[in-house]
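In the numbering used here, the protein residues as written are 30 to 560.
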């Protein structure tokens, strides 16, 4: 199966904890611009990524492609790291008004014992005030009830606070700073946001010399913790010593991932959502900005138009990256059944030249049986995005429409499907359809518009048109197409045959002869895939 979305995250044992947090924050902010530290602390702090991952899991179950997805362990790990970082940030904000110096996520060298003579120790928050040096251990937990039981932390908490004090003592010992100045605090923060819980079984920690407080009273505790013991010169010296001894944070966990989510991924996620809901493979979903429909495809054959829109479909959500498609991929995707490969190569070369001259593409070149394409940065908005101006349709529908004018009109009508009306000046319509100047307006109606309408009536209920004439000569100056309103997503899936056949027979604007002709066209173009 085709591999998609293989690069939206990196899973490696070398991914550091900070990289997980920073990349997860960026991913959530991309999905939800209102994402802040409050959301980061909550038990839904990775909601956007979880929803996206669930979408990819569902898409994989369709069996048409294989996307890289996160495990539950990887998701929970990222959520815990995000919550922990948010809690530490909240502590930083709480103590700034009373602290002379604040350090966050401090790694200090530490000699533990004979079994581990050299190591390091991580302190969540380190605060220096005139009353002492405070090592703060932050515990972020989901507290649904009214009590937080410290027995939930296990015996490891005692080692943590002991090692914090030992590491800092070793750093400050050469300065003659007494260990009595070093104090430890355990701060408990509720991920659910409320702070009205009570603490239980914290006495053992207090007997071990550590204070236990909730975030809401941390500032007050520091403000009232004894008399001034350290002068400004000592505080600056302690700050410099910590800064000079501080080590980079290289901590990792086996489940760490670095998120690499981009706007292009989110754009593509729209198509994946449609694929899951409607069962349409991504390769058949052509999505782009509606302004692209106004670009005349002068000189392109029907097969070249098919290949062009196949390429446009693949470029959606691709940014300005370099897309490469082989002759075989283009031939198969566009349903090209001929065996004249020299002619096919010529058509692809002509198509690449047309694309290059259009200025829409930074590069479009066909050589060595490969077409290489990249979108111009100036026009990348036509191929990347997810706004109301974007349109989408099933490639198999356009590919099987046999007339070039019908292909173009199909795209224009679908663009206004929610309104059920397309009104355009005849001059502009001639330009969009790339009609030669030698054609009179009446010839355009007879040879271009009428045949195109017969190909499109199965897909647009009650499709009809009315021309606007002006002057004594009754010159055609405009045309209005009307049809039943519908969601454009309806033409992302191939409906049952009777649906399209009914649209023909129920169209009162068609004569019986026209209805029979439209039925024959539908049978010829779509009979093998709809029945």
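Heads up, the beta-carbon is just placed ideally off N, CA and C, and yes, glycines get one too. The structure displayed is predicted, hence computed values, not measured ones.
Is residue 75 helix, strand or coil when you go by DSSP? coil
Nearest-angstrom Cα separation, counted from residue 555 out to residue 549: 10 Å
Let me confirm a value: residue 237 is counted as buried when at least 16 other C-beta atoms fall within 10 Å, else exposed. Which label applies? exposed
Using DSSP with H/G/I as helix, E/B as strand and the rest coil, what is residue 529? helix
Closest residue to residue 195 among 412, 62, 212 (Cα-Cα distance): 212
Tell me the DSSP secondary structure of residue 208 in three-state form. helix
Which residue's Cα is closest to the Cα of residue 348: 163, 312, 296, 383? 296
Between which two residues does the beta strand (DSSP E) carrying residue 445 extend? Element bounds for residue 445: n/a, residue is neither H nor E.
Where the beta strand (DSSP E) containing residue 400 begins and where it ends: 399-404
So who's on the other strand from residue 135, going by DSSP bridges? 152
Please confirm if residue 533 has its CB atom under 8 Å from at least one CB of chain D. The displayed structure is made up of one protein chain only, and chain D is not part of it.
In DSSP terms, what residue 318 is bridged to: 419
Given a cut-off of 8 Å on the beta-carbon distance, is the pair residue 107 and residue 53 in contact? yes
Could you pull the start and end residues of the beta strand (DSSP E) that residue 519 belongs to? Element bounds for residue 519: n/a, residue is neither H nor E.
Is the stretch 113-127 touching the stretch 329-342 in the sense that three or more CB pairs, one from each, lie closer than 8 Å? no
Buried or exposed, going by whether 16 or more other CB atoms sit within 10 Å of the CB of residue 448? exposed
Taking its Cβ as the centre, do 16 or more other Cβ atoms sit within 10 Å of residue 11, making it buried, or is it exposed? Absent from the model: residue 11. The displayed extent of the chain is 30 to 560, so no value can be given.
According to DSSP, what are the bridge partners of residue 46? None; residue 46 has no bridge partner.
To the nearest angstrom, how far is the alpha carbon of residue 259 from that of residue 127? 14 Å
Identify, in the order they occur along the chain, each residue of the same chain with its Cβ nearer than 8 Å to the Cβ of residue 544, setting aside the five sequence neighbours on each side. 533, 534, 536
Am I right that residue 169 and residue 116 are in contact with their C-beta atoms under 8 Å? What's the rounded C-beta distance? 4 Å
Decide if residue 113 is buried, meaning its Cβ has at least 16 other Cβ atoms within 10 Å, or exposed. buried
At 3 residues or longer, and completely inside the stretch 225-254: list those beta strand (DSSP E) runs for me, N to C. 227-229, 239-243
Between residue 110 and residue 49, how many whole angstroms is the CB-CB distance? I'm expecting something under 8 Å. 5 Å
CB residue 43 to CB residue 281, shorter than 8 Å? yes
Could you tell me whether the Cβ atoms of residue 172 and residue 215 are closer together than 8 Å? no
Leaving out five residues before and five after residue 542 in sequence, what residues of the same chain have Cβ atoms less than 6 Å from its Cβ? none
Starting from residue 107, trace the alpha helix (DSSP H) both ways and give me its first and last residue. 101-124
Own chain, CB closer than 6 Å to residue 509, minus 5 neighbours either side, in chain order: 452, 495
Taking the straight line between their C-alpha atoms, what separation do you get for residue 65 and residue 58? 8 Å
State the beta-bridge partners of residue 495 as determined by DSSP. 509
Suppose the cutoff is 8 Å on Cβ atoms and the five residues either side in sequence are ignored; what does the same chain contact list for residue 182 look like? 168
State buried or exposed for residue 381, treating a residue as buried only when at least 16 other CB atoms are found within 10 Å of its CB. buried
Going by the beta-carbon positions, is the gap between residue 522 and residue 309 smaller than 8 Å? yes
Residue 200 to residue 232, Cα distance in whole Å? 29 Å
Taking residue 318 and residue 226 to be in contact with their CB atoms under 8 Å, please state how far apart those CB atoms are, rounded to whole angstroms. At roughly 52 Å, the Cβ-Cβ gap does not stay under 8 Å, so residue 318 and residue 226 are not in contact.
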